[in-house]
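I have placed the structure first, in the form of C-alpha cells, so that the comments after it can refer back to it.
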Amino acid sequence: MELFSLKGKTVAITGASSGFGHHFAGVLASSGASLILGARRSDKIRDRVNEINDSGGKALGVALDVRDPDSCESFLNTAQNEYGSVDVLINNAGVEAGAKTYAMIEEEDWDYVFDTNLKSVWRLSKMYTQMNVTSEKKEGNIVNIASITAYRTIKGQFPYAVSKAALVKATEIMALESAKFGIRVNALAPGYILTDVSRLLLEGERADTFVKGIPMRRYGQFDDLNGPLLMLCSDASKYMTGSTVVVDGGHLCAEL
Ligand SMILES: NC(=O)c1ccc[n+]([C@@H]2O[C@H](COP(=O)([O-])OP(=O)(O)OC[C@H]3O[C@@H](n4cnc5c(N)ncnc54)[C@H](OP(=O)(O)O)[C@@H]3O)[C@@H](O)[C@H]2O)c1
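Counting in the numbering used here, the sequence shown runs from 177 upward without gaps.
What follows is the structure, encoded as C-alpha cells:
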C-alpha cells in the first residue's frame with residue numbers, strides 16, 4: 177500500500193461536485209491526500225469538503241468554472257497559497273451535448289463541450305506547469321479523465337467523443353513537452369459508469385443490449401476506478417507518462 181500512498185501530497189480535482197470527481201475526492205482523501213475541490217455548484221462542493229473534513233481528511237473547496245481563465249487561476253492559486261504546492265492536478269470536469277449527431281449539434285453545443293472537455297484541460301495544465309516550473313517544487317503530475325469513446329463510439333456522441341479523442345492526443349503531447357519540467361501527464365479512460373453524463377444511455381431503452389456488448393457483462397461501478405486512479409496519482413506510476421489507462425470491463429475489445 178505504501179507504493180500507492182498519497183500521504184503528504186496535495187491533489188486538485190476539477191468537477192468534484194458530483195459523479196467521478198465527488199467519488200475520487202473520497203478515495204484520494206482516504207489515501208492521505210490533502211485536496212482542493214472545484215466546480216460551479218459551490219453548495220455541493222461545500223458539502224463534499226465538509227464530509228471529507230468531518231471524516232478526518234483534509235479538503236478545501238473553491239467555486240470553479242473551468243471555462244473561465246480567471247476562475248482557473250484563482251483555483252490553482254488558492255491551492256498553492258493554502259498548501260504550498262499542488263502535487264497532482266486531475267482534469268475531470270466534463271460535459272456532453274445530449275444524444276445528438278454531428279448533423280444535429282449547433283455551434284454552441286460544439287463550443288460548450290470542447291471548451292469544457294478540452295480547452296479547459298489545456299488552460300489549467302498550462303497554468304499548473306507554469307506554477308510548478310517557477311516554484312521550488314519543479315515537478316508535477318497531471319491526470320486527465322478521458323473516455324473509451326476516444327477509441328470507439330456510438331451514434332449521437334459527436335462532440336463528446338471527438339473531444340475525448342483529442343484529449344488522449346493532448347495527453348501524449350503534453351507528456352512529451354513537460355517531461356523536461358519533471359511533470360508527468362497520463363489519462364484514465366473509463367468505460368460506461370452510471371453518472372449524470374451516462375444516465376441517458378444506461379437508463380434508456382437500449383441499456384440491456386448495450387450491457388451485453390461489454391465482455392464482463394456489466395457497466396462499471398465507481399469503485400472499479402479506485403486502483404487505476406491511485407496508481408496514476410501516486411509514485412506507483414513514476415515511470416509512466418503519456419499513457420491512457422483504459423478501465424472498461426473489456427468493452428473496447430468486444431466482438432464486432
Ligand atoms: N460517466 C461515465 O460513464 C464516464 C465515462 C468516461 C468518462 N467520463 C468522464 O468523467 C468526467 C466526470 O463525469 P461524470 O460522469 O462524473 O459526470 P457528472 O456527474 O456530470 O460530473 C461532471 C462534473 O464536471 C463539472 N463541470 C462541468 N462543467 C464544468 C465547468 N464549466 N467548470 C467546472 N466544473 C464543471 C460538474 O460540476 P458543476 O456542474 O457543479 O460545475 C460535475 O462535477 C467527465 O470528464 C466525463 O467525460 C464519464
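For every residue, glycine included, the Cβ atom is placed at its ideal position computed from N, Cα and C.
Asked, Found
"Leaving out five residues before and five after I266 in sequence, what residues of the same chain have Cβ atoms less than 6 Å from its Cβ?", "I189 and V319"
"Going by DSSP, what residues sit across from V264 in a beta bridge?", "V187 and N317"
"DSSP three-state call for A209: helix, strand or coil?", "coil"
"Apart from the five residues on each side of it in sequence, which residues of its chain come closer than 8 Å, Cβ to Cβ, to M262?", "The residue you asked about is not Met; residue 262 is Val in the sequence shown. Excluding positions up to five away in sequence, the list reads T186, V187, A188, I212, L252, A255, Q256, Y304, M307, N308 and G316."
"Let's test the definition: count the other Cβ atoms within 10 Å of the Cβ of L376 and tell me whether it reaches 16, buried, or not, exposed.", "exposed"
"So, under 8 Å CB-CB, D246 and R216 are touching, yes? Tell me the CB distance rounded to an integer number of Å.", "Not confirmed; about 14 Å, so no contact."
"For G208, I'd like the list of residues in its chain whose CB is within less than 8 Å of its CB, leaving aside the five on either flank, ordered along the chain.", "S181, L182, K183, G184 and K185"
"Quick one: does the C-beta of D445 sit closer than 7 Å to a heavy atom of ligand 1?", "This structure cannot settle anything about residue 445, because the visible part of the chain is limited to 177 through 432."
"Check whether the Cβ atoms of P404 and L364 lie closer than 8 Å to each other.", "yes"
"Cβ-heavy atom distance between G389 and ligand 1 below 7 Å?", "no"
"If I measure Cβ to Cβ from E272 and keep anything under 6 Å in the same chain, skipping five residues before and after, which residues do I get?", "Y336 and V373"
"For ligand 1, any of its heavy atoms closer than 7 Å to the Cβ of V242?", "yes"
"Cβ of G191 within 8 Å of Cβ of G274?", "no"
"In whole angstroms, what is the alpha-carbon distance linking M416 and M407?", "10 Å"
"Less than 7 Å between the CB of V271 and some heavy atom of ligand 1, yes or no?", "yes"
"First and last residue of the beta strand (DSSP E) that includes V361?", "I359 to P366"
"Where are the alpha helix (DSSP H) runs, 4 residues long or more, that stay fully inside the segment 318-354, in chain order?", "334-354"
"Apart from the five residues just before and just after G332, which ones in its own chain have a Cβ nearer than 7 Å to its Cβ?", "A275, K276 and T277"
"Quick one: Cα of I221 to Cα of N293, how far?", "20 Å"
"Given S206, which residues of its chain have a CB within under 8 Å of its CB, disregarding the five upstream and five downstream residues?", "G233"
"Just to confirm the assignment, what range does the beta strand (DSSP E) spanning V297 have?", "Counting along the chain, V297 falls outside any beta strand (DSSP E), though it belongs to the alpha helix (DSSP H) covering S296 to T310."
"Do you know whose CA, among E431, S210 and A355, lies nearest F386's CA?", "E431"
"How about N293: is its Cβ closer than 7 Å to a heavy atom in ligand 1?", "yes"
"Between which residues of its own chain and G214 is the CB-CB distance below 6 Å, once the five residues before and five after are set aside?", "T190, V238, L240 and F251"
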